[in-house]
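Q:
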Amino acid sequence: WSPFVGGARGLFERHWKELRAPGARDLSARWVQQFAALFSMDWLDFLSRLFRVTIGAPGAITRLHCENHAAHLWFAQLEGRRLFVLFSPRDVASGCLYQDAG
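Here the working numbering is used: the first residue of the sequence shown is 136, the next is one more, and so on.
#1: With DSSP collapsed to three states, give me the class of Val220.
#2: Taking a contact to mean a Cβ-Cβ separation below 7 Å, would you say Phe181 touches Ala195 in this structure?
#3: Quick check: the Cα distance between Leu185 and Gln169, rounded to an integer number of angstroms?
#4: Alpha carbon to alpha carbon, what distance is there between His200 and Ala228?
#5: What first and last residue would you give for the alpha helix (DSSP H) that runs through Arg184?
The structure is reproduced here in structure tokens:
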């Protein structure tokens, strides 16, 4: 369930474009509209599912993962430290980052 579907949907509709970096061309709306039209979905509801806020407790660990739909993300660290390990696209394409079995 998307938290934007309820009362915050109006806020999302008015302000989602402000989330992009200055000078960056955002084609998300066009792509999501085309995808949603194919499946008779509400495009704003689907787009809102791509935005999220994650709050972690001290000492929390995020396991190795790829973001949904290989999405890019903005990260804001308010306090403390975080270690990121980045892999090249070659490593991802070779399949060496995924488990072979259960």
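Beta carbons: idealized from backbone N, C-alpha and C, even for Gly.
A: For this structure:
#1: Under the three-state reduction of DSSP output, Val220 falls in the coil class, being neither helix nor strand.
#2: Contact: no.
#3: Take the alpha-carbon of Leu185 and the one of Gln169: they are about 15 Å apart.
#4: Approximately 14 Å, taken between the alpha carbons.
#5: Note, Arg184: premise wrong, no alpha helix (DSSP H); not H, not E.
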